[in-house]
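K.L.:
Take a look at this one; I'll ask things after.
In our numbering, the protein residues as written are 6 to 303.
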């Protein structure tokens with residue numbers, strides 16, 4: 006299978022000395038996730054490339070938002086679906102999210118069907134990359150230093166394990182708290198609220214009991230959530246390794262959260278908060294600038 010590579014022209018304009026103060030210029034492989042997850046990954050890829058590092062982003066030919074950008078190279082791989090199918094999946098997803106007067110059972114049926122479509126799309130995309138022998142062979146020859154990925158779809162974790170590379174994860178969180186367990190962060194259910202409960206770190210006794218019950222069900226949820234990827238990893242790597250074990254191999258965790266907006270919780274040294282990564286830098290407000298000038302004269 007032919008692999009299409011498109012090199013962004015801006016890469017050639019990067020100054021040779023635009024890297025870090027240590028002078029190290031790395032070689033980064035990026036295996037992103039589509040949709041809104043792509044926004045943060047793209048920001049890091051472009052900034053790393055701007056600083057002089059070599060950045061290669063691997064994306065499918067058909068995607069929602071992913072594509073070329075400044076300061077990084079892109080490699081595309083073929084997928085067994087077209088743009089019309091992708092658009093139909095996104096349209097049906099939008100219709101389900103919008104309020105309607107349909108009966109509850111009809112809504113649940115459509116929601117379950119939509120979840121199946123999206124998971125099948127994710128699995129198909131992952132298999133198209135992993136079982137593209139010529140592409141994997143090409144990546145293995147590039148001498149990458151690390152893999153940057155969003156582990157909600159663990160394709161990047163599987164590729165990193167195959168190539169023997171450290172993994173850098175950028176994520177908001179995994180609904181079954183697999184990220185907390187894999188990174189070694191203490192996550193006592195009496196203190197740390199679970200996904201979908203809506204609780205904060207200040208729970209009463211009843212809420213703590215419910216939160217603990219949800220925590221006990223999390224391993225089962227993780228198993229159901231990643232069971233197909235467990236099989237994909239086994240078929241691709243030809244070794245018995247689970248997605249949970251691949252998560253645990255991660256070197257750095259970049260969490261898109263901020264304690265000023267969420268509840269506090271224990272973190273490990275390799276877990277870094279980057280909650281403002283998607284915030285656009287704006288010019289200072291005129292009132293604030295005027296107040297600052299007056300303060301200087303006082």
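Where a beta carbon is used, it is the ideal one built from N, C-alpha and C, also for glycine.
All of these numbers come straight from a predicted model, not from anything done at the bench.
#1: In the DSSP assignment, find the alpha helix (DSSP H) that holds residue 214 and state where it starts and stops.
#2: Cβ of residue 175 within 8 angstroms of Cβ of residue 259?
#3: Where does residue 78 fall in DSSP's three states?
#4: Span of the beta strand (DSSP E) holding residue 262?
#5: Let me check understanding here. Comparing Cα to Cα, which of 153, 238, 249, 46 lies closest to residue 326?
#6: At 3 residues or longer, and completely inside the stretch 51 to 76: list those beta strand (DSSP E) runs for me, N to C.
#7: Could you give the distance in angstroms between the alpha-carbon of residue 128 and the alpha-carbon of residue 157?
#8: Under the assumption that residue 133 contacts residue 83 (Cβ atoms under 8 angstroms), give the Cβ distance between them as a whole number of angstroms.
#9: Enumerated in chain order, which unbroken segments of the alpha helix (DSSP H) with a length of 4 residues or greater are wholly contained in the stretch 151 to 221?
#10: So, for residue 270: in the same chain, excluding its five sequence neighbours on each side, which residues have a beta-carbon less than 6 angstroms away from its beta-carbon?
#11: Which one of 263, 268, 273, 288 has the shortest CA to CA distance from residue 281?
#12: Rounded C-beta distance between residue 65 and residue 79? I'm assuming under 8 angstroms.
#13: Can the beta-carbon of residue 209 be found closer than 8 angstroms to that of residue 45?
#14: Taking only three categories from DSSP, how would you classify residue 266?
#15: CB-CB under 8 angstroms to residue 266, same chain, minus the five flanking residues each way: which ones, in chain order?
#16: Spell out the partners DSSP gives residue 144 in its beta bridges.
#17: What number of angstroms, rounded off, separates the C-alpha of residue 70 from the C-alpha of residue 39?
#18: Of the residues 87, 126, 43, 48, which one's Cα is nearest the Cα of residue 286?
#19: Does the stretch 161 to 178 come close enough to the stretch 235 to 252 to have 3 or more Cβ pairs within less than 8 angstroms?
#20: Nearest-angstrom Cα distance between residue 35 and residue 126?
#21: Are there any heavy atoms of the ligand FAD lying less than 7 angstroms away from the beta-carbon of residue 231, as far as the coordinates show?
#22: Identify whether residue 33 lies in helix, strand or coil by the three-state DSSP scheme.
#23: In three-state DSSP terms, what is residue 282?
#24: Give the DSSP-derived three-state secondary structure of residue 276 in the structure shown.
#25: Output yes or no for whether 8 angstroms exceeds the beta carbon distance between residue 37 and residue 154.
P.N.:
Taking the coordinates as given:
#1: 210 to 242
#2: yes
#3: strand
#4: Segment: none, residue 262 is in no beta strand (DSSP E) and carries neither H nor E.
#5: For residue 326 there is no data in the structure shown, the boundaries of the chain being 6 and 303.
#6: 59 to 65
#7: 12 angstroms
#8: 7 angstroms
#9: 160 to 168, 183 to 188
#10: 197
#11: 263
#12: Actually they are not in contact, since the Cβ atoms of residue 65 and residue 79 sit about 11 angstroms apart, beyond 8 angstroms.
#13: no
#14: coil
#15: 280
#16: None; residue 144 has no bridge partner.
#17: 6 angstroms
#18: 48
#19: yes
#20: 20 angstroms
#21: You won't find the ligand FAD in this model; it holds no ligand whatsoever.
#22: strand
#23: coil
#24: strand
#25: yes
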